[in-house]
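> Position one of the sequence shown corresponds to residue 1 (full-length UniProt numbering), numbered consecutively onward.
Note that the Cβ used here is the ideal one computed from N, Cα and C, for glycine as well.
Keep in mind that this is a model prediction, so the values were computed, not measured.
Please read through the structure below; I'll follow up with questions.
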Amino acid sequence: MLTGKQKRYLRSLAHNIDPIFQIGKAGINENMIAQIDDTLENRELIKIHVLQNNFDDKNELATALSEATNSEVVQVIGSMIVIYRESEENKEITLP
Numbered sequence: 001m002l003t004g005k006q007k008r009y010l011r012s013l014a015h016n017i018d019p020i021f022q023i024g025k026a027g028i029n030e031n032m033i034a035q036i037d038d039t040l041e042n043r044e045l046i047k048i049h050v051l052q053n054n055f056d057d058k059n060e061l062a063t064a065l066s067e068a069t070n071s072e073v074v075q076v077i078g079s080m081i082v083i084y085r086e087s088e089e090n091k092e093i094t095l096p
């Protein structure tokens, strides 16, 4: 579980990265979860854009993604979801 201080730090890092994935009308599927899982292992912190044609609750999407990929939701703001998972082999982010 991330502390408030750690979330603030991760949000500041996420500010400068571009979204890698988009969740559209079809929602989340197994293939997308597998890709996000691999990307989290490589990058640790990723941003996901929820498109306007997806009418699911963004907080529910974020929770579903974090449970499926065993990661932490850093932030849900507007149409962006930021998630983090410590990498086992490519650890770059040191949390405060």
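Closest to Asn-16 by CA distance: which of Ser-71, Val-50, Ile-46, Asn-31 is it?
Nearest C-alpha to Asn-16: Ile-46.
> Counting C-beta neighbours from all protein chains within 10 Å, is the total for Glu-92 16 or more, i.e. buried, or is it exposed?
With fewer than 16 Cβ atoms within 10 Å of its Cβ, Glu-92 is classed as exposed.
> Could you check how far apart the C-beta atoms of Ile-28 and Leu-2 are, in whole angstroms? I think they sit under 8 Å.
The pair is not a contact, with the Cβ atoms about 22 Å apart (cut-off 8 Å).
> Can you give the Cα-Cα distance for Met-25 and Asp-56, rounded to whole angstroms?
The sequence given here places Lys at residue 25; Met does not occur at that position. If you take the alpha carbons of Lys-25 and Asp-56, they lie about 9 Å apart.
> Could you compute how far the alpha carbon of Gln-35 sits from the alpha carbon of Thr-94?
Straight-line Cα distance between these residues: approximately 24 Å.
> Which value, in whole angstroms, describes the spacing of the CA atoms of Thr-39 and His-49?
C-alpha separation (whole angstroms): 15 Å.
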